[in-house]
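S.K.: No gaps in the numbering here: position 66 of the sequence shown is 66 in the numbering used here, and each next residue is one more. Next up is a structure, given as structure tokens.
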Amino acid sequence: MNELHDWLIEKSNDPRVLPKSSLGKAVRYALNQWGELSVFLGDGAIPFDNNETENELRSLTIGRQNGLFVGSHRGGEVAAAMYSMVSSAARHHLDVWRRRFVAGRRIK
1 MNELHDWLIE KSNDPRVLPK SSLGKAVRYA LNQWGELSVF LGDGAIPFDN NETENELRSL
61 TIGRQNGLFV GSHRGGEVAA AMYSMVSSAA RHHLDVWRRR FVAGRRIK
């Protein structure tokens, strides 16, 4: 990471890298966000990528059209809350559908 930071500084001072070019903008962005981009280095519990979050957002995007069929604004709020609870439970490896099904039946 130190080598990357040094390279970014080198490129930011390189007169051949124009500030409004794609590379110039990327270098400036990386340097401006360096503190946030390197937080994971200080704590091993922090993941160095956000793939889990990206996957959650992808499933929201894919299911966006399902919102057309909730029936009302209140139905949309309930569906959003339910989706949030189910996705949180799935991240914690809980089988919420089976629990809900079993909860609605008497177990002999």
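We put the beta carbon where it would ideally sit given N, CA and C, even for glycine.
Between the Cα of residue 32 and those of 17, 47 and 12, spot the shortest distance and give me the residue it belongs to.
M.R.: Of the listed residues, the one whose Cα sits closest to residue 32 is 12.
S.K.: If you follow the alpha helix (DSSP H) that residue 45 is part of, which residue opens it and which one closes it?
M.R.: Where residue 45 is concerned, there is no enclosing alpha helix (DSSP H), given that its DSSP letter is neither H nor E.
S.K.: Once you ignore the five residues that flank residue 27 on each side, which residues in its own chain have a CB closer than 7 Å to its CB?
M.R.: These residues qualify, in order along the chain: 8, 11, 12 and 17.
S.K.: Alpha carbon to alpha carbon, how far is residue 5 from residue 48? Give it in angstroms, no decimals.
M.R.: Rounded to the nearest angstrom, the two C-alpha atoms are 16 Å apart.
S.K.: What's the C-alpha gap between residue 120 and residue 52?
M.R.: In this structure the chain extends from 1 to 108, so residue 120 is not present and cannot be described.
S.K.: What does the alpha-carbon distance come out to for the pair residue 39 and residue 73?
M.R.: Computed Cα separation, rounded: 39 Å.
S.K.: On the premise that residue 56 lies in contact with residue 87, defined as a C-beta separation below 8 Å, what is that separation, rounded to the nearest angstrom?
M.R.: Residue 87 to residue 56, Cβ: 6 Å. Contact.
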